[in-house]
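Let me begin by presenting the structure, written as structure tokens, before commenting on it.
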Amino acid sequence: MTNDSQLPPDFVAPHVRNLPKSGIRAFFDIVASCKDVISLGIGEPDFDTPWHIRARVIEAIESGATKYTSNLGSPELRKEIAAYTARSYGVTYDWEKEIIATVGVSEAFDIAFRATLSPGDEVLYHEPCFVAYAPLIRTAHAVPVPVVTHRKDNFRLSVAELEKCLTPKTKALFINYPNNPTGATLNHADVKALADFARRHNLLVYTDEVYSELTYEGDRYSIAAEPGMKERTVFLNGFSKAWSMTGFRLGFVCAPPALTEAMMKIHQYGMMCASSLSQVAGVEALQNGDDDIKTMRDSYKLRRNYVVASLNEMGLDCFMPSGAFYVFPSIASTTLTSDEFALQLLNQESVASVPGTAFGTCGEGFIRCSYATSMAQLKKAMERMSNFVKRHTK
Amino acid sequence: MDDLLNLLKENARESDDTLAKMLNTSVEDVRKRITELEESGVIRAYQAVINSDIITDVNEVSAVIELRIRPEREGGFDRIAQKVGGFPQVVSIFLMSGAYDLMLIVKGKNLQEVALFVSSKLATIDGVLSTSTHFMLKTYKDQGVLMTKDEHDQRLPITP
């Protein structure tokens with residue numbers, strides 16, 4: 001191991017030096033050192049990648065499809081993505097000019113920020129949220145502006161809260177529904193209101209819809225499909241969650257031609273192209289993966305029901321989230337802070353969760369539990385948590 | 001198939017309380033629905049899926065038997081299937097498309113016992129034209145359950 005402290009500190013760019021490390025990462029190190037832990041801290045599916053997808057990749061290796069593809073991604077994949085966004089979200093993108101296959105959704109929002117933000121630009125994003133948005137907005141030299149969402153609204157983003165944070169420097173709005181870590185979804189009225197807000201204030205919108213296939217109740221609405229929104233929206237999605245393909249690192253970004261062209265420049269120089277083999281996997285997933293999604297979604301839904309009922313029964317208030325595979329129970333009935341709860345639950349009951357504070361300061365008083373784990377494990381975890389809560393109730 | 005049946009197919013020993021939570025309903029409702037499924041004959045039995053290959057004191061062999069049957073005017077298959085089904089050695093009977101008519105799964109203590117059963121009891125039934133016996137050597141997957149599944153979770157314990 002190298003000793004970082006021996007390096008002159010000024011070699012590190014100030015805006016990176018000041019970047020906080022992910023709170024999840026810090027907690028990971030603690031959990032990794034414990035034995036026989038039941039983890040509710042895993043933000044990825046417990047299903048294996050469907051076999052037909054893996055088999056198609058094995059064939060691709062055998063047939064030698066191991067070369068660079070077009071920077072934008074193979075035409076075959078982009079055509080499939082265009083067909084998919086049209087049938088699933090009602091938004092039609094030109095596969096030649098408006099789609100880039102990326103290395104996960106993470107790369108997609110990184111290039112989206114860097115291609116569109118200038119120093120000083122402010123980006124509204126809602127908390128609690130996935131850990132990467134604010135840091136990546138900062139590395140693009142822009143200013144992330146957190147907007148609070150509340151338990152009383154089931155963590156739906158409200159225009160009233162957005163208006164409070166608006167300044168003349170506000171350039172863009174970032175949204176992620178279904179939401180990690182709360183599982184919250186938006187109804188059509190919510191989406192219309194956000195679209196109206198964005199149009200009224202001439203904002204660019206980034207929408208991360210990686211969990212949208214995991215919507216359990218109600219129809220799903222993409223803001224990109226609202227009137228007048230496609231031209232001001234960067235639509236981000238990927239294969240990790242719905243098709244259980246996390247390790248393939250494959251995502252995609254769809255945006256109007258000028259924005260796609262700008263993002264393509266960064267992607268082209270920094271990444272060349274997404275892994276050709278992962279792109280093959282993506283084609284197979286889009287062509288033949290609908291049944292897999294349904295099987296997994298049906299299973300998650302039942303586990304969600306079980307976990308939400310169990311948490312409420314043990315005295316942790318938890319709303320029934322309609323998306324993703326997370327629940328975000330309140331721990332207000334206990335004497336503990338989020339960090340204390342997560343740490344003591346780990347030490348005393350060997351159950352790992354993630355403190356709500358890892359997802360923004362307004363996550364205090366909550367923990368995130370993933371139910372993407374087997375029923376056998378969930379049952380044990382709920383039993384242990386129930387014992388723990390009994391000992392720590394106010 | 002409804003969610004309750006799917007859950008019971010996966011784990012027939014699941015508690016009523018857990019089933020109720022998963023289905024977002026009451027324990028009473030779950031019990032009522034299970035009773036109805038049992039009484040209407042939809043649920044015929046509850047059984048365990050066993051990996052016989054790792055039980056050392058097991059004294060049993062299984063065979064797939066293909067039966068060809070002489071065509072009859074009325075219900076020949078049903079008549080013979082009923083006759084065959086009376087033998088406790090026969091654990092499954094399926095009517096098949098293709099080169100033969102009935103597929104049976106037969107269990108016995110050893111090869112000889114099964115062979116004798118086939119030649120003396122099955123082949124002699126009036127209307128059975130021929131039999132073909134295939135002994136099973138190893139079970140890799142049964143009832144949707146892999147017998148050699150590596151349970152190791154390859155995921156990191158905490159991911160964003």
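Top line first, the protein sequences correspond to chains L and Y.
Each residue of the first sequence is one higher than the last, beginning at 1 in the working numbering.
Each residue of the second sequence is one higher than the last, beginning at 1 in the working numbering.
Just so you know, even glycine gets a beta-carbon here, dropped at the ideal spot from N, CA and C.
These figures come from a predicted structure and were not determined experimentally.
- The beta-carbon of Y306(L) is placed less than 9 Å from the nearest beta-carbon of chain Y.
- Under the 9 Å criterion on CB atoms, N180(L) is classed as interfacial with respect to chain Y.
- For D16(Y), no chain L residue has a Cβ inside 8 Å of its Cβ, as the nearest lies near 13 Å away.
- Going by C-alpha positions, E349(L) is about 12 Å away from R391(L).
- Going by C-alpha positions, Y177(L) is about 33 Å away from D29(Y).
- Considering only beta carbons, the part of the stretch 20 to 45 of chain L lying closer than 7 Å to chain Y consists of S22, I24, F27, F28, V31, A32, V37, S39, G41, I42, G43, E44, in chain order.
- Setting aside the 5 residues that flank it on each side, S310(L) is surrounded in the same chain by M382, each with a C-beta closer than 6 Å to its C-beta; the list follows chain order.
- The beta carbon of S120(Y) sits closer than 7 Å to no other beta carbon from its chain once the five residues preceding and following it are set aside.
- The C-beta of E226(L) has 16 or more other C-beta atoms within 10 Å across all chains shown, which makes the residue buried.
- Looking only at G360(L), N288(L), A358(L), L214(L), the smallest Cα-Cα distance to Y300(L) is reached by L214(L).
- Of all C-beta pairs linking the stretch 99 to 106 of chain L to the stretch 173 to 189 of chain L, fewer than three are shorter than 8 Å, placing the two stretches out of contact.
- In the DSSP assignment, N387(L) falls within the alpha helix (DSSP H) that extends over 375 to 392.
- If you draw a straight line from the Cα of I137(L) to the Cα of N288(L), it is about 35 Å long.
- Using a Cβ-Cβ cut-off of 7 Å, F252(L) is close to nothing in chain Y; its nearest Cβ partner there is about 20 Å away.
- Residue contact with chain Y for A352(L): present (Cβ-Cβ distance below 9 Å to some residue of chain Y).
- V205(L) and R199(L) have their C-alpha atoms some 10 Å from each other.
- DSSP places C254(L) inside the beta strand (DSSP E), whose first and last residues are 251 to 254.
- Looking at the DSSP output, K141(Y) sits in a beta bridge with L146(Y).
- Residues of chain L whose Cβ lies closer than 9 Å to the Cβ of P157(Y) are, in chain order, F28, V31, A32, C34, V37, S39, G41, I42, A352.
- Positions of the alpha helix (DSSP H) runs, each at least 4 residues long and wholly inside the stretch 30 to 85 of chain Y, are given as 76 to 85 in order along the chain.
- Around the C-beta of V42(Y), fewer than 16 other C-beta atoms lie within 10 Å, and the residue is accordingly described as exposed.
- In terms of Cα proximity to R56(L), the closest of I111(L), T334(L), V308(L), A281(L) is A281(L).
- Residue nearest to L37(Y) within the set L5(Y), T18(Y), S26(Y), K109(Y) is L5(Y) (criterion: CA-CA distance).
- Counting only residues of its own chain and dropping the five nearest sequence neighbours on each side, G251(L) has a CB closer than 6 Å to the CB of T102, G104, V105, A108, G238.
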